[in-house]
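Okay, so here's the structure we're looking at.
In full-length UniProt numbering, the protein residues as written are 1 to 304.
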């Protein structure tokens with residue numbers, strides 16, 4: 001059982017259906033990708049988990065019991081719409097937000113100092129938020145989201161506004177927090193980050209759950225049973241009926257890159273055995289599985 005369970009959650013705003021009987025289990029100690037196009041219902045689900053809005057039907061369980069306001073203190077939520085007060089000083093605001101999550105002033109100051117040193121932003125403490133760039137303000141908000149060491153982190157587009165160096169810094173911190181036992185829900189359109197970080201995903205489209213499962217499991221499910229072979233040799237690789245077909249074979253000065261389609265009933269080990277019996281030198285051999293970006297587009301397009 002996950003730290004959060006959503007059971008048959010429905011939410012409408014007037015005639016607009018935002019969520020239509022969505023049931024999800026967020027595994028504890030994992031990074032869970034919540035995916036979907038704009039307007040699919042992801043943010044509505046996140047707001048229901050945070051008790052910002054209430055579902056019309058269904059229940060949300062936290063550690064096995066109906067979620068309460070005190071449970072929300074164990075959640076760190078980084079919304080896509082950034083919410084820092086522009087006229088406040090960075091340090092004052094960070095202290096205020098940490099104490100809203102139940103931290104004492106002393107503990108908040110100690111933990112914030114560690115994070116500010118870690119991110120090398122000690123000299124921002126006395127600045128006003130309006131003096132910071134979008135990326136700088138995003139760093140501060142990330143810190144205020146994680147400083148109280150929440151059991152559950154919900155990060156909505158956490159890489160927005162960051163250059164590649166700082167985006168990588170945030171990725172590393174997300175992995176560190178997972179290693180420390182946090183459960184992380186990552187809502188993003190960045191499919192590269194999904195493949196790099198997420199253990200499991202769910203795709204919501206038009207208010208309904210389309211698919212959920214492990215990232216690798218889903219990528220293999222939507223694969224087409226092809227492999228890529230890079231080899232050198234005088235002759236092109238020969239097909240073997242019943243084992244594989246050669247879909248393409250590009251020759252670059254004697255170095256070949258071939259795509260082989262495995263026949264039904266065969267497998268990668270049989271293909272490799274057949275290839276090695278031929279007068280070629282194998283440089284690399286790998287299964288071709290689709291990227292999450294391609295699967296996302298395929299599933300959303302099919303739904304439409």
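For every residue, glycine included, the Cβ atom is placed at its ideal position computed from N, Cα and C.
Remember, it's a predicted structure, so these values are computed and weren't measured experimentally.
Report task. Grab me the residues of residue 275's own chain with a C-beta within less than 7 angstroms of its C-beta, minus the 5 sequence neighbours each way, in chain order. Result -> As a working mapping, residue 275 is identified with position 275 in the chain shown. Excluding sequence neighbours, residue 275 sits near 229, 237 and 282.
Requested in this report: Entirely within the segment 204–289 and at least 4 residues each: give me those alpha helix (DSSP H) ranges in chain order.
Outcome: Complete alpha helix (DSSP H) runs here, min 4: 215–221 and 268–276.
Query raised in the report: Buried or exposed: residue 205, going by 16 or more other Cβ atoms within 10 Å of its Cβ?
Result: Position 205 of the chain shown holds residue 205. Residue 205 comes out buried.
**Report entry** Under the three-state DSSP convention, the category residue 156 falls into
**Finding:** Translated into the one-based positions of the chain shown, residue 156 becomes position 156. Residue 156: strand per DSSP, three-state reduction.
Report task. Can you tell me which of 234, 119, 43 and 287 puts its alpha carbon nearest to the alpha carbon of residue 269? Result -> Position 269 of the chain shown holds residue 269. For residue 269, the closest C-alpha among the options 234, 119, 43 and 287 is that of 287.
Requested in this report: Assuming residue 145 and residue 76 form a contact by the criterion Cβ under 8 angstroms, report the distance between their Cβ atoms to the nearest whole angstrom.
Outcome: If you number the chain shown from 1, residue 145 lands on position 145. If you number the chain shown from 1, residue 76 lands on position 76. Taking 8 angstroms as the upper bound for CB-CB distance, residue 145 and residue 76 are in contact here, some 4 angstroms apart.
Query - Range of the contiguous alpha helix (DSSP H) that encloses residue 92 - result: For the purposes of this step, residue 92 is taken as residue 92 along the chain shown, with counting starting at 1. Per DSSP, the continuous alpha helix (DSSP H) segment holding residue 92 begins and ends at 90–100.
Requested in this report: Would you mind giving the Cβ-Cβ distance between residue 193 and residue 142, rounded to the nearest angstrom? I have them listed as a contact below 8 angstroms.
Outcome: As a first step, residue 193 must be located in the chain shown, where it is residue number 193. As a first step, residue 142 must be located in the chain shown, where it is residue number 142. The pair is not a contact, with the Cβ atoms about 14 angstroms apart (cut-off 8 angstroms).
Query raised in the report: How about the segment 9–26 and the segment 35–44: do they share at least three Cβ pairs that are nearer than 8 angstroms?
Result: These segments touch.
Report task. Throw me the rounded Cβ distance for the residue 112 and residue 95 pair, which I believe falls under 8 angstroms. Result -> Here residue 112 refers to the residue found at position 112 when the chain shown is read from its first residue. Here residue 95 refers to the residue found at position 95 when the chain shown is read from its first residue. That pair is a contact at about 7 angstroms.
Query - Neighbourhood of residue 10 by C-beta distance below 7 angstroms, restricted to the same chain and skipping five residues each side - result: Locating residue 10 in the chain shown gives position 10, counting from the first residue. Excluding positions up to five away in sequence, the list reads 19, 20, 21, 55, 56, 57 and 58.
Requested in this report: Measuring alpha carbon to alpha carbon, tell me which of 231, 53, 151 and 240 ends up nearest residue 2.
Outcome: Residue 2 sits at position 2 when you count from the first residue of the chain shown. With distances taken between Cα atoms, residue 2 lies closest to 151.
Requested in this report: With a threshold of 16 other CB atoms inside 10 Å of the CB of residue 248, please say whether the residue is buried or exposed.
Outcome: The residue given as residue 248 occupies position 248 in the chain shown. Using a 10 angstroms sphere on the CB of residue 248, the tally of other CB atoms stays under 16, which defines it as exposed.
Query raised in the report: Would residue 46 be called buried (16 or more neighbouring beta carbons within 10 Å of its own) or exposed?
Result: The residue you call residue 46 lines up with position 46 of the chain shown. Counting of Cβ neighbours within 10 angstroms places residue 46 among the buried residues, the total reaching 16 or more.
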